[in-house]
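Participant: First the structure, then my questions, so here it is.
Protein chains: 2
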Amino acid sequence: MKLYNYFRSSASFRVRIALELKGLRYEYAPVHLARGDHKLPDYAAVSATALVPTLELDGGERLGQSMAIIEYLDETHPEPPLLPSDALGRARVRALAQLVSCDIHPLNNLRVLKYLVRELKVEEEAKNTWYRHWVREGLQAYERELAQLPPSTYSYGPTPSLADCCLVPQVFNGQRFNVDFSGLPRTMAAFDACMKLPAFQQAQPSNCPDNEA
Amino acid sequence: MKLYNYFRSSASFRVRIALELKGLRYEYAPVHLARGDHKLPDYAAVSATALVPTLELDGGERLGQSMAIIEYLDETHPEPPLLPSDALGRARVRALAQLVSCDIHPLNNLRVLKYLVRELKVEEEAKNTWYRHWVREGLQAYERELAQLPPSTYSYGPTPSLADCCLVPQVFNGQRFNVDFSGLPRTMAAFDACMKLPAFQQAQPSNCPDNEA
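Respectively, the protein sequence lines represent chains Y and B. Going by UniProt numbering, the first sequence runs without a break in its numbering and finishes at 213. Going by UniProt numbering, the second sequence runs without a break in its numbering and finishes at 213.
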């Protein structure tokens, strides 16, 4: 398999975690988002949406959208599972994943921040406040959701799930923008538990071949 | 079952479509978003995220996040299926659904538009341009994705799917903001095919008990 992605892209990071958790080897194909490589004709031939990540399967099929890719990996490589075995559990994990990937991340990705600055002439400080607002508000909702679930090492249950694949990259991004993570005990405990695992460490931006930090 | 929702909420509309397609009866519990009812203590007791929709099951469990709810309904009430029977097909349908629910809708929902106006002092016309920009750009990507798939009546295949549950409400919202839908032949053909079905007609905002239009 081949993963078109970018070290700092939160959605790319989610898929890298899932690939590592599954123990799947893949070729790393960097797409430099900050430089605009995703808008070049080469990448248009790979991805109709011009977004990362894209997972190219060994048969040549290309899959987009990080959560859809992770569900595909979980269906085709079931061990270890990234979703619970019961329908209600799966609904809980998917809802946590979507809280991050629908309610937080879309507001803070590069193309949106660029629109704020270029089209709406938003100042740097107001842009950063926007960023922190949505991350903090979203993670507070995540914490309230976790508070209604039984105690667990990870976001849901005793093993990492699709929810953790989404949470961890979002916390990384929030750290870059100095988001206030206070008052989020269960969320940050799940994050810390994930980061003790080799799969999450291996997938993190600082370990990527295109890392520039 | 009981659905906490709002007639104009795109995410609520998605779940109403799925319930109608499955032929499931439900109690309609209106939450007036424009008036701020979702922020009142009554609703905080229902939803930790203070977002709609919330589906309350007959056993009392409450589920959030529209795509997670629809997947739960599809797992627990398999007929008619809203996802294909093969893993690759499921990945394609989920990716289309997520293109709408992660790449378009989050940028245009009420809380984001309010932030633009109140916090960033964005003028009405610039706000509407923002809205139209993300819907048009997103639907153009949707069209490019459909162009790579075999011809089909709906977004994917000969029956409506999770992708159509997300597409149709997004087109409705775009219509309210006079989005340009030109050059989107397959996308709009899928929309038109859906709107010929009683399930989509029944679920639309104008048929909701809290409709004010």
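The C-beta atom is built at its ideal place from N, Cα and C for all residues, glycine as well. On a predicted model such as this, the values are computed, not experimentally measured, just so you know.
With Ala91 of chain B and Ala68 of chain Y assumed to form a contact (beta carbons below 8 Å), what rounded beta-carbon distance in angstroms separates them?
Facilitator: Residue mapping note: residue 91 of chain B aligns to position 91 of the second sequence, counting from 1. Residue mapping note: residue 68 of chain Y aligns to position 68 of the first sequence, counting from 1. With a Cβ gap of about 5 Å, Ala91 of chain B and Ala68 of chain Y count as contacting.
Participant: I want to verify the contact list: residues of chain Y whose CB lies under 9 Å from the CB of Val117 of chain B, in sequence order.
Facilitator: As a working note, residue 117 of chain B is residue 117 in the second sequence. By Cβ distance, chain Y contributes nothing, its closest Cβ being about 11 Å from Val117 of chain B, past 9 Å.
Participant: Determine the contact status of Gly138 of chain Y and Pro84 of chain Y, defining contact as a CB-CB distance below 9 Å.
Facilitator: For this step, residue 138 of chain Y is matched to residue 138 along the first sequence. For this step, residue 84 of chain Y is matched to residue 84 along the first sequence. No, these two residues do not count as a Cβ contact at 9 Å.
Participant: With distances taken from CA atoms, which of B:Leu167, B:Phe200, B:Asn178 is nearest Arg186 of chain B?
Facilitator: Start at 1 with the first residue of the second sequence, and residue 186 of chain B comes out as number 186. Here the closest residue by C-alpha is B:Leu167.
Participant: Check each residue of the segment 66-100 of chain B: if its Cβ is closer than 9 Å to any Cβ of chain Y, include it; give the result in chain order.
Facilitator: So the close ones are Ser66, Met67, Ala68, Ile69, Glu71, Tyr72, Glu75, Thr76, Ala87, Leu88, Arg90, Ala91, Arg92, Val93, Arg94, Ala95, Leu96, Ala97, Gln98, Leu99.
Participant: I need the straight-line Cα distance from Asn211 of chain Y to Pro205 of chain Y, nearest angstrom please.
Facilitator: In the first sequence, residue 211 of chain Y corresponds to position 211, counting from 1. In the first sequence, residue 205 of chain Y corresponds to position 205, counting from 1. Asn211 of chain Y and Pro205 of chain Y: Cα-Cα distance of roughly 6 Å.
Participant: At a CB-CB cut-off below 9 Å, which residues of chain Y make contact with Cys102 of chain B?
Facilitator: What you label residue 102 of chain B is simply residue 102 of the second sequence in a count that begins at 1. In chain order: Ala11, Gln65, Ser66, Met67, Gln98, Ser101, Cys102, His105, Pro106.
Participant: Who are the near neighbours of Glu143 of chain B in its chain, counting only those whose CB is closer than 7 Å to its CB and skipping five residues on each side?
Facilitator: For this step, residue 143 of chain B is matched to residue 143 along the second sequence. Result list for Glu143 of chain B: Leu184, Arg186, Thr187, in chain order.
Participant: On the DSSP letters alone, give me the boundaries of the beta strand (DSSP E) that Gly64 of chain B sits inside.
Facilitator: Counted from its first residue, the second sequence places residue 64 of chain B at position 64. 62-64 is the extent of the beta strand (DSSP E) around Gly64 of chain B.
Participant: Specify, as a first and last residue, the run of the beta strand (DSSP E) that Lys39 of chain B falls within.
Facilitator: By 1-based counting over the second sequence, the position of residue 39 of chain B is 39. Careful: Lys39 of chain B lies outside any beta strand (DSSP E) and carries neither H nor E.
Participant: Are the C-beta atoms of Leu40 of chain B and some chain Y residue less than 9 Å apart?
Facilitator: Counting from 1 along the second sequence, the entry for residue 40 of chain B is found at position 40. No, because no Cβ of chain Y sits closer than 9 Å to the Cβ of Leu40 of chain B.
Participant: DSSP has Asn5 of chain B in a bridge; who is on the other side?
Facilitator: Here residue 5 of chain B refers to the residue found at position 5 of the second sequence. The partner list for Asn5 of chain B (beta bridge, DSSP) reads B:Pro30.
Participant: Please name the residue in Y:Pro150, Y:Ala189, Y:Leu3, Y:Asp37 whose C-alpha comes closest to that of Gln65 of chain Y.
Facilitator: Residue mapping note: residue 65 of chain Y aligns to position 65 of the first sequence, counting from 1. Comparing Cα-Cα distances from Gln65 of chain Y to each of Y:Pro150, Y:Ala189, Y:Leu3, Y:Asp37, the minimum goes to Y:Leu3.
Participant: So, Pro53 of chain Y versus Asn5 of chain Y, is the Cβ gap smaller than 9 Å?
Facilitator: Locating residue 53 of chain Y in the first sequence gives position 53, where the first residue counts as 1. Locating residue 5 of chain Y in the first sequence gives position 5, where the first residue counts as 1. Their beta carbons are under 9 Å apart, which means Pro53 of chain Y touches Asn5 of chain Y by this criterion.
Participant: Just grab the DSSP bridge partners of Leu55 of chain Y for me.
Facilitator: Here the question's residue 55 of chain Y lines up with position 55 in the first sequence. The partner list for Leu55 of chain Y (beta bridge, DSSP) reads Y:Leu3, Y:Leu63.
Participant: Can you tell which of B:Asp192, B:Ala126, B:Gly60 has the C-alpha that lies nearest to the C-alpha of Phe172 of chain B?
Facilitator: On the second sequence, position 172 is the one that residue 172 of chain B refers to. Among B:Asp192, B:Ala126, B:Gly60, the Cα nearest to that of Phe172 of chain B is on B:Asp192.
Participant: Out of Y:Tyr131, Y:Ala147, Y:Gln170, point me to the one whose CA is closest to Ala11 of chain Y's CA.
Facilitator: One-based indexing of the first sequence puts residue 11 of chain Y at position 11. Out of Y:Tyr131, Y:Ala147, Y:Gln170, Y:Gln170 has the C-alpha closest to the C-alpha of Ala11 of chain Y.
Participant: Could you please give the first and the last residue of the uninterrupted alpha helix (DSSP H) stretch that includes Gly174 of chain B?
Facilitator: The residue you call residue 174 of chain B lines up with position 174 of the second sequence. First-last of the alpha helix (DSSP H) with Gly174 of chain B: 162-176.
Participant: Classify Arg79 of chain Y as helix, strand or coil using the three-state DSSP reduction.
Facilitator: The sequence position of residue 79 of chain Y within the first sequence is 79, counting from 1. According to the sequence provided, residue 79 of chain Y is Glu. The question's Arg does not apply to it. Coil at Glu79 of chain Y, not helix or strand.
Participant: Quick one: grab the DSSP three-state call for Cys194 of chain Y.
Facilitator: What you label residue 194 of chain Y is simply residue 194 of the first sequence in a count that begins at 1. It is helical.
Participant: Could you tell me if Gln201 of chain B is buried or exposed, where buried requires 16 or more neighbouring beta carbons within 10 angstroms of its beta carbon?
Facilitator: The residue given as residue 201 of chain B occupies position 201 in the second sequence. That one is exposed.
Participant: Under 9 Å, Cβ to Cβ, is there at least one residue of chain B near His133 of chain Y?
Facilitator: Counting from 1 along the first sequence, the entry for residue 133 of chain Y is found at position 133. Yes, because at least one Cβ of chain B sits closer than 9 Å to the Cβ of His133 of chain Y.
Participant: Measuring straight from C-alpha to C-alpha, what distance separates Ser161 of chain Y and Gln148 of chain Y?
Facilitator: Counting from 1 along the first sequence, the entry for residue 161 of chain Y is found at position 161. Counting from 1 along the first sequence, the entry for residue 148 of chain Y is found at position 148. So the alpha carbons of these two residues sit roughly 17 Å apart.
Participant: Over the uninterrupted alpha helix (DSSP H) stretch that includes residue 214 of chain B, give me the two end residues.
Facilitator: Absent from the model: residue 214 of chain B. The displayed extent of chain B is 1 to 213, so no value can be given.
Participant: Under 9 Å, Cβ to Cβ, is there at least one residue of chain B near residue 227 of chain Y?
Facilitator: Nothing can be reported for residue 227 of chain Y, as the shown portion of chain Y is limited to 1 through 213.
Participant: Using beta-carbon positions only, say whether Val93 of chain B and Ser9 of chain B come within less than 9 Å of one another.
Facilitator: Translated into positions along the second sequence, residue 93 of chain B becomes position 93. Translated into positions along the second sequence, residue 9 of chain B becomes position 9. The answer is no: Cβ separation not under 9 Å.
Participant: Determine the DSSP secondary structure at Gly183 of chain B, reduced to helix, strand or coil.
Facilitator: Locating residue 183 of chain B in the second sequence gives position 183, counting from the first residue. It is coil, neither helix nor strand.
Participant: Thinking Asp37 of chain Y and Val31 of chain Y are a contact (beta carbons under 8 Å), I'd like their distance in whole angstroms, please.
Facilitator: One-based indexing of the first sequence puts residue 37 of chain Y at position 37. One-based indexing of the first sequence puts residue 31 of chain Y at position 31. With a Cβ gap of about 5 Å, Asp37 of chain Y and Val31 of chain Y count as contacting.
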